[in-house]
Amino acid sequence: MTFKIEDILDLEAYPLDQPDHLFSDELVSEKQRNWQAEGAFLLSAFLRPGMADRAAEELTGLMNADAFRHDERHNIYFSDDSREIPSALTSNQLRTSNWTLTCDQLGGTIIRTIYEWPPLCEFIRRVLALPSLHRMADPMACLNVMSYGDGDCLDWHFDRAEFAVTLLLQAPESGGQFEYRRALRTRDNPNYDGVQMLLKGKDRNIRTIEPTAGNLSVFAGYGSAHRVSPIVGSRPRMMAVLSFMEEPDFQYGPEDRMRFYGRSSPQGSNPEGAGTP
79 MTFKIEDILD
89 LEAYPLDQPD
99 HLFSDELVSE
109 KQRNWQAEGA
119 FLLSAFLRPG
129 MADRAAEELT
139 GLMNADAFRH
149 DERHNIYFSD
159 DSREIPSALT
169 SNQLRTSNWT
179 LTCDQLGGTI
189 IRTIYEWPPL
199 CEFIRRVLAL
209 PSLHRMADPM
219 ACLNVMSYGD
229 GDCLDWHFDR
239 AEFAVTLLLQ
249 APESGGQFEY
259 RRALRTRDNP
269 NYDGVQMLLK
279 GKDRNIRTIE
289 PTAGNLSVFA
299 GYGSAHRVSP
309 IVGSRPRMMA
319 VLSFMEEPDF
329 QYGPEDRMRF
339 YGRSSPQGSN
349 PEGAGTP
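What the sequence shown shows, in this note's numbering, is residues 79 to 355, in sequence order.
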């Protein structure tokens, strides 16, 4: 079944398709204040009632048939380059495990309809006050859906991009909280001592967000360390990651694709992916 965007998103609460609407300006200003104060902002109940369940349901079959099992030990940087990183931070002490679908596997799905809707990208650009913003050009990495089952988690890490956009489609029975330590590093200051404090469990400035299906989050993932706590129970935590970039042509290299997706090239009938609007 094909859904129109107005059937999927609560455009009365979030009139992203009407940028000249007075409430739209107020919404942008409100989320800019959240971003400055918290390093994150949230569109609560962004999806209409029941739509997150529908999105998760249509993805479950794809997960069972085609998802890649990502299970690895890593450091907080997800990097093997240790030239400038203290040895205490380079050992692969952390673990991440999930099932992953990539954009080329998501044709015709609700989540891809959301991702390819231009007003969403424009709204995020306005809130972050960026001169330009594009859907990521990588046909696999631009849109991912991760499913975390019982015992799975996403351990402490920093993102490579300045910010991340996520949409929770299904909450687990227990666990799966999003935890983050805001502004732990900057481009100019890696703050290795602070990172060590976090990994030793001595940082008291960790914030927690309970998983709620239908919420869209934008988060300053480069500077803020974050993780998803282990999932408990038989219902998976299902989350979409929607990638938007200031650079219109950015793509992952084959090594990164193999690491996160188990293959280096896209599959399916649309090898070009979502691409740039």
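Note that beta-carbon positions come from the ideal geometry of N, C-alpha and C, so glycine has one too.
As the structure is a computational prediction, the values presented were derived from the model and not from experiment.
The beta-bridge partner set that DSSP reports for Leu-232 consists of Thr-174, Val-306. When secondary structure is reduced to three states using DSSP, Ile-284 falls in the strand class. With a contact defined as Cβ atoms closer than 8 Å, Asp-233 and Gly-311 miss out at about 19 Å. Sixteen is the threshold: when 16 or more other Cβ atoms of the shown chains lie within 10 Å of the Cβ of Asp-216, as they do, the residue is buried. In the three-state reduction of the DSSP assignment, Glu-162 falls in the coil class, being assigned neither a helical nor a strand state. Beta-bridge partners assigned by DSSP to Thr-244: Ser-295, Val-319. Under DSSP, Asn-222 shares a beta bridge with Thr-180, Val-319. Here Ala-118 is bridged, per DSSP, to Phe-297. Under DSSP, Phe-124 takes part in no beta bridge, so it has no partner. Here DSSP, grouped into helix, strand and coil, assigns Asp-144 to helix. The beta carbons of Ala-249 and Thr-290 sit about 6 Å from each other, so the pair counts as a contact at 8 Å. In the structure shown, the three-state DSSP call for Asp-149 is strand.
Within the same chain, Cβ atoms closer than 7 Å to the Cβ of Trp-195 are found at Ile-83, the five residues on either side in sequence being excluded. Under the 8 Å Cβ criterion, the segment 293-301 counts as touching the segment 112-121, having at least three qualifying pairs. Within the same chain, Cβ atoms closer than 6 Å to the Cβ of Leu-245 are found at Leu-294, Ala-318, the five residues on either side in sequence being excluded. Glu-257: member of the beta strand (DSSP E) spanning 256-259, first to last residue. About 7 Å separates the CB atoms of Phe-236 and Gly-299; that is less than 8 Å, so the two are in contact. Across the set Tyr-226, Pro-209, Ala-115, the C-alpha of Pro-209 shows the shortest separation from the C-alpha of Pro-326. Residue burial is scored here from C-beta neighbours: Gln-345 has fewer than 16 other C-beta atoms within 10 angstroms and is therefore classed as exposed.
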